[in-house]
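Going by UniProt numbering, the first residue of the sequence shown is number 1, and it counts up by one from there.
Note that the Cβ used here is the ideal one computed from N, Cα and C, for glycine as well.
Structure record follows, encoded as structure tokens.
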Amino acid sequence: MCLCPGEYEYYHYLQPTGTGRTDKYDDNGWGCAYRSLQSIISWFRLQRYTSHPNPSHYQIQKTLVDHCGQEADGLLGKKT
């Protein structure tokens with residue numbers, strides 16, 4: 001086990017959708033990997049290794065679709 005000093009943001013399963021709307025995105029039961037990635041990215045941003053904002057679930061899925069090709073077809077917007 002390794003501990004990394006510094007601050008990070010915790011991402012709860014009812015987070016804003018990232019689409020500019022005020023409703024919440026319920027990823028309870030399937031979104032833990034997305035939230036974990038968001039927390040890791042926030043650590044890099046808060047330590048000033050990057051200035052990129054944290055991606056939404058949709059942005060993470062879009063990146064996977066854009067870079068993985070056919071293997072990721074059907075992923076965008078999917079809740080699994």
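- CA-to-CA, the gap between S42 and Y10 works out to about 9 Å.
- In the assembly as shown, H57 is a buried residue. Its beta-carbon has 16 or more other beta-carbons within 10 Å.
- Annotation: the continuous alpha helix (DSSP H) that includes Y58 extends over H57 to C68.
- Burial state of Y49 is exposed, judged by a 10 Å Cβ sphere holding fewer than 16 other Cβ atoms.
- Look at L46 here: in three-state DSSP terms it is helix.
- A straight-line Cα-Cα distance of about 31 Å links C2 and K62.
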